[in-house]
Every structure is written in C-alpha cells, then in structure tokens.
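Before any comments, here is the structure.
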Amino acid sequence: MANILSAEGVEPAAQTGVKGWFARRTQTEGGIAAFFVGPALLLMVLLNIYPILHSFYVSVHVYNLKRPHRNPFVGFENYVMFLESEDFYNALINTVIFVVVSVVAVALIGLVFSLALNELGSGVRKWAVPLILVPWAVPYVANGLIWEWIYHSDYGVLNGLLVALGVIDKYQTWLSNPDRALYTLVNAFVWKEVPLATVLFLTALQAIPEDLYSAAKIDQAGASRRFWHITLPALKLAFLLVLVYTSIISIKTFDLVYILTEGGPGDATALVSWYTYVETFRNLQFGSGASISYVIAIATFILAIGYIKILYRPQES
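Per the working numbering, residue 81 is the first one in the sequence shown, and the count goes up by one each step.
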C-alpha cells in the first residue's frame with residue numbers, strides 16, 4: 081500500500097513535517113555540505129573578513145585616540161606618509177635581514193637534523209622527535225624570557241659558558257651591542273622554529289620509497305648523487321611548507337623584540353612589526369598602523385605566491 085501511495089505522488093507519513101523537510105534538504109551532497117559548512121563560513125565572515133574590511137576602512141581615515149571624534153577620510157595619505165618615513169625603511173631593512181637569515185638558518189639546520197634522525201632506528205626516533213619539538217611548543221613570550229636570561233650581561237649562561245671555555249675573556253653585552261643585537265634575535269627565533277622544520281623534513285624523508293635508493297646504488301650512484309637526484313626533489317613540498325611558514329612567522333615576529341630589546345639599542349632591532357606597534361599603540365595613530373599592516377600583509381602574500389611558483393610543480397597525470 082505504501083508503494084502504491086508513493087507511486088501516486090503521496091508522501092509517506094515519515095516524509096511529512098520537519099523530519100521530512102530535513103530529509104529532502106539533505107538528500108543531496110550539496111545540501112549536506114551547505115548544512116555543515118554554512119555555520120563555519122558565517123563564523124569566518126564575522127571573525128575574519130569583517131575585521132579585515134574594517135581595518136582597511138580605518139587605514140584610509142585619521143584614527144587618533146587623542147582626538148577620538150575626529151576621523152576624517154584621507155584616502156591613501158596614511159600609506160604615503162609611512163612610505164616616506166626614514167624610520168620605516170630602517171625597520172624594513174632590519175626585517176629583510178632578520179627574515180632572510182632566519183629562514184635560511186631554519187631550513188638548513190632543520191634539513192641537517194632531519195637527515196641525521198632519518199639514519200637512526202625507528203625506536204630512537206620515537207623518543208627523539210617529541211623531545212625535539214619541546215622548543216617549538218614553548219610560547220614566544222616564554223622563549224623570549226629564556227633567552228633574556230641566557231644573554232644577560234651580568235649572570236647570563238652564554239657569557240658564563242664562553243668564559244669557562246676561554247672563547248672570551250670578559251662578559252659581553254649581547255643585547256646592548258648594535259652590531260650583535262639583531263642576530264641575537266635571529267638565534268632565539270631559529271632555536272624555536274628549527275624543531276618544526278626538522279619534523280616536516282623528516283616526514284618527507286620517511287615517505288621516499290627505499291626502492292629508489294636501492295636502484296641508485298645498483299647503478300653505482302654515490303651518496304651525493306642520491307642526495308641531489310632523489311632526496312632533494314622529494315623534499316620540494318616540505319621546503320615549500322618550511323619556507324612559507326617560517327617567512328610568515330619571522331615577518332610578524334614581535335614578542336622577541338618586545339621582551340629582549342624593545343627595538344634597541346637605538347633602532348638596531350626595530351622590525352616592521354615593532355614599528356607598527358609603536359605607530360599604533362604608542363603614537364595612537366590607528367589609521368597609520370592599519371595601513372602599515374595592510375602593506376606588510378600584501379607583501380607576505382606575494383612572497384608566499386613566489387615560493388609556490390618556484391617550488392610547486394603539480395604532477396601531470
């Protein structure tokens with residue numbers, strides 16, 4: 081009887097009401113996807129897209145907390161103003177040096193560590209990998225405090241160790257020396273980010289088929305040739321992840337600067353992130369700070385696209 085009713089176009093009782101509506105709406109893949117993805121998309125719009133659009137609105141107005149009720153529209157004047165600032169270009173140069181040295185160091189050291197771990201037995205790796213990830217799990221604020229203690233000119237561990245080894249004859253002021261301060265930040269950054277790069281490279285190494293190395297050995301390929309023709313090509317995607325992630329994190333590094341040097345001595349460690357903070361929260365120029373953030377975000381996006389264009393080559397089917 082139910083089949084006859086269904087054939088005549090009369091819906092069964094189970095298909096009526098709210099349950100029936102829900103069943104009809106979710107019987108296709110598109111309906112199911114919309115039902116589950118819709119709330120997440122709405123939340124993304126509220127928490128991400130709206131603040132981005134509002135910050136752009138702020139960047140083309142004068143937002144100064146000293147005059148909270150006077151926010152005239154100035155177009156791209158905020159952008160032009162900081163692009164003509166000598167302080168900004170000094171911060172930009174410091175940032176380029178910091179990013180280049182940090183990214184290269186993280187990639188190379190992470191690669192060396194991953195190659196060493198890959199030669200160890202699986203039992204050793206099982207314990208080594210979690211230990212290696214400990215520095216990466218340390219928050220940047222705690223990381224900065226640790227290195228502030230290490231670099232301290234009076235009782236720092238680094239000075240004590242170097243004096244004991246006879247490398248230096250007296251304690252040094254690592255964070256107060258303009259020629260060293262930026263590289264002390266690099267060292268603290270690299271110490272934290274190398275573990276993740278090591279794990280990413282190690283994961284890629286573990287995925288390389290052992291048959292490729294066996295065939296290369298049969299063809300009498302040496303270790304260097306196996307590395308350049310088998311290992312490195314297989315690590316392209318891992319390199320892409322490491323370079324993009326490390327570049328983004330290094331460009332937006334603020335915690336280390338705030339805790340260790342506050343942009344000093346002078347402006348030797350004033351990165352773009354620090355310059356943005358000073359302009360926004362110390363000078364209370366929210367419009368100018370928003371414009372700087374937009375330019376840096378666009379530059380970071382372009383850099384990531386450049387990495388992808390260079391390193392990512394989709395396999396042709």
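The beta-carbon is built from N, C-alpha and C at its ideal position, and this holds for glycine as well.
Keep in mind the model is a prediction, meaning the values are calculated, not measured.
- With C-beta atoms as the reference, is A277 less than 7 Å away from V186? Against the sequence shown, residue 277 aligns to sequence position 197. Against the sequence shown, residue 186 aligns to sequence position 106. In contact: A277 and V186 (Cβ atoms closer than 7 Å).
- Query: So, is K272 buried or exposed, given that buried needs 16 or more other C-beta atoms within 10 angstroms?
  - Reply: As a working mapping, residue 272 is identified with position 192 in the sequence shown. So K272 ends up on the buried side.
- Anyone know if the C-beta pair for V142 and V154 falls short of 7 Å? Along the sequence shown, read from residue 1 onward, the residue named residue 142 stands at position 62. Along the sequence shown, read from residue 1 onward, the residue named residue 154 stands at position 74. It is a contact, given that the beta carbons lie within the stated cut-off.
- Mind reading off the beta-carbon distance from A268 to L340? Whole number of angstroms is fine, and I expect it under 8 Å. As a first step, residue 268 is located in the sequence shown; it is residue number 188 there, counting from the start. As a first step, residue 340 is located in the sequence shown; it is residue number 260 there, counting from the start. With a Cβ gap of about 7 Å, A268 and L340 count as contacting.
- Task: Give the DSSP bridge partners of N158, in chain order.
- Result: Here residue 158 corresponds to residue number 78 of the sequence shown, with the count starting at 1. In the DSSP output, where bridge partners are listed per residue, N158 has none listed.
- In terms of alpha-carbon separation, which member of F162, K146, V140 lies closest to P152? Your numbering for residue 152 matches position 72 in the sequence shown. Among F162, K146, V140, the Cα nearest to that of P152 belongs to V140.
- Just mark E396 as buried or exposed, buried being the case when its beta carbon has 16 or more other beta carbons within 10 Å. On the sequence shown, position 316 is the one that residue 396 refers to. Note that E396 has pLDDT 47, beneath the 50 cutoff, so the model's placement of it is unreliable and no number is given.
- Item | Coil, strand or helix - N174 by DSSP | For the purposes of this step, residue 174 is taken as the residue at position 94 of the sequence shown. The answer is helix: DSSP assigns N174 an H, G or I state.
- Please name the residue, chosen from T283, A244, L265, E228, that lies closest to S202 on a Cα-to-Cα basis. On the sequence shown, residue 202 is found 122 positions in, with the first residue counted as 1. Looking at the Cα atoms, T283 is the closest of the given residues.
- Task: May I ask you to verify whether the region 380-390 touches the region 287-299, counting CB pairs closer than 8 Å and requiring at least 3?
- Result: no
- Task: Could you tell me the boundaries of the alpha helix (DSSP H) in which G369 lies?
- Result: By one-based count along the sequence shown, residue 369 stands at place 289. That run of the alpha helix (DSSP H) goes 366-391.
- Query: Between the region 239-249 and the region 153-173, are three or more C-beta pairs nearer than 8 Å?
  - Reply: no
- Message: In whole angstroms, give me the CA-to-CA distance for N83 and A384.
- Response: Here the question's residue 83 lines up with position 3 in the sequence shown. Here the question's residue 384 lines up with position 304 in the sequence shown. Interpretation of N83 is limited by its pLDDT of 49, a score under 50 that renders its predicted location unreliable; no figure is taken from the coordinates.
- Item | Which of helix, strand or coil DSSP assigns to N239 | The residue given as residue 239 occupies position 159 in the sequence shown. Residue state, collapsed to three classes: helix.
- Message: Pull the bridge partners of N128 from the DSSP assignment, please.
- Response: One-based indexing of the sequence shown puts residue 128 at position 48. In DSSP, N128 forms no bridge with anything.
- Inter-residue spacing [alpha-carbon to alpha-carbon] between S86 and I328: Mapped onto the sequence shown, residue 86 falls at position 6. Mapped onto the sequence shown, residue 328 falls at position 248. Note that S86 has pLDDT 46, beneath the 50 cutoff, so the model's placement of it is unreliable and no number is given.
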